[in-house]
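> The opening position of the sequence shown corresponds to residue 1 in UniProt numbering, with each subsequent residue numbered one higher.
Note that CB positions come from ideal geometry on N, CA and C, so glycine has one too.
My questions all concern the structure below.
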Amino acid sequence: LTTANKNGEETKQVEAQPEKWSISKHTQTYPTDAYGNLEFQGGGHSNKYIRVSYDTKPDSLLHLMVKDWQLELPKLLISVHGGLQNFEMQPKLKQVFGKGLIKAAMTTGAWIFTGGVSTDALKDHSSKSRGRICAIGIAPWGIVENKEDLIGKDVSL
1 LTTANKNGEE
11 TKQVEAQPEK
21 WSISKHTQTY
31 PTDAYGNLEF
41 QGGGHSNKYI
51 RVSYDTKPDS
61 LLHLMVKDWQ
71 LELPKLLISV
81 HGGLQNFEMQ
91 PKLKQVFGKG
101 LIKAAMTTGA
111 WIFTGGVSTD
121 ALKDHSSKSR
131 GRICAIGIAP
141 WGIVENKEDL
151 IGKDVSL
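Here it is, written out as structure tokens:
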């Protein structure tokens, strides 16, 4: 920008650029204060949750899940990816996919990893299955609804 001062002289002004977001400047690392148990509607059993840092070591999480949460070590990992937007699966295909996924997980002792948000293909079938399905949702803290309710140690909801 160039402007004239009261003497008619041109002066240059530099527009301030918004500061670029960075992990090191805009986040803090401290022991988690968000973990506990959740009970989903119609689920009948509680599920564990914890908020962790983006750089938490996988070994630490595996130890937590196997030793503290007493999950059985998986024989297979299944990762389900999909977008929330512009992705409509035909109802019949969704049903077949969900049923097959649950059957695969149950017969192999697999853990199913998801993006941690609405996974309709899993939801209907996992609640109807007789066995215990281990589905692990990994979602960015910023998109979790009602996250304020999850803050605290040993919270039960």
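1) Since residue 237 and Tyr-30 are thought to touch, with beta carbons under 8 Å apart, how far apart are those beta carbons, to the nearest angstrom?
2) Give the C-beta separation of residue 158 and Lys-57 to the nearest angstrom, bearing in mind that I take them to be a contact with Cβ-Cβ under 8 Å.
3) What residue from Leu-73, Trp-69, Val-52 and Ala-110 has the CA that sits closest to Ser-79's CA?
4) Look up Lys-48 in the DSSP assignment and give the residues it is bridged to.
5) Out of curiosity, what's the CA-to-CA distance linking Gln-70 and Cys-134?
6) Output the boundary residues of the alpha helix (DSSP H) element that contains Ser-24.
7) When you compare only the Cα positions, how much space is there between Ile-112 and Trp-21?
8) Applying the criterion that 16 or more other CB atoms from any shown protein chain within 10 Å of the CB defines a buried residue, is Ile-143 buried or exposed?
9) Taking a contact to mean a Cβ-Cβ separation below 7 Å, would you say Leu-150 touches Ala-34 in this structure?
10) Tell whether a beta-carbon distance below 7 Å holds between Val-66 and Leu-73.
11) Can the beta-carbon of Gly-98 be found less than 7 Å from the beta-carbon of Gly-116?
This is what the structure holds:
1) Because residue 237 is not part of the residues shown, which for the chain are 1 to 157, the question remains open.
2) Past the edges of the chain, shown from 1 to 157, lies residue 158, and the structure says nothing about it.
3) In the sequence shown, the residue the question calls residue 79 occupies position 79. For Ser-79, the nearest C-alpha among the options comes from Ala-110.
4) For the purposes of this step, residue 48 is taken as residue 48 along the sequence shown, with counting starting at 1. Lys-48 pairs with Asn-37.
5) Within the sequence shown, the letter at position 70 stands for residue 70. Within the sequence shown, the letter at position 134 stands for residue 134. For Gln-70 and Cys-134, the distance between alpha carbons rounds to 12 Å.
6) For the purposes of this step, residue 24 is identified with residue 24 of the sequence shown, where counting begins at 1. Looking at the DSSP string, the run of the alpha helix (DSSP H) that includes Ser-24 is 23-26.
7) As a first step, residue 112 is located in the sequence shown; it is residue number 112 there, counting from the start. As a first step, residue 21 is located in the sequence shown; it is residue number 21 there, counting from the start. Each residue's Cα considered, the two are about 32 Å apart.
8) For the purposes of this step, residue 143 is taken as residue 143 along the sequence shown, with counting starting at 1. Classification of Ile-143: exposed, given that the 10 Å Cβ count is below 16.
9) On the sequence shown, position 150 is the one that residue 150 refers to. On the sequence shown, position 34 is the one that residue 34 refers to. Yes; because the gap between Cβ atoms is below 7 Å, this pair is in contact.
10) Translated into the one-based positions of the sequence shown, residue 66 becomes position 66. Translated into the one-based positions of the sequence shown, residue 73 becomes position 73. Going by C-beta atoms, Val-66 is nearer than 7 Å to Leu-73.
11) Numbered from 1 along the sequence shown, position 98 holds the residue referred to as residue 98. Numbered from 1 along the sequence shown, position 116 holds the residue referred to as residue 116. Not in contact: Gly-98 and Gly-116 (Cβ atoms no closer than 7 Å).
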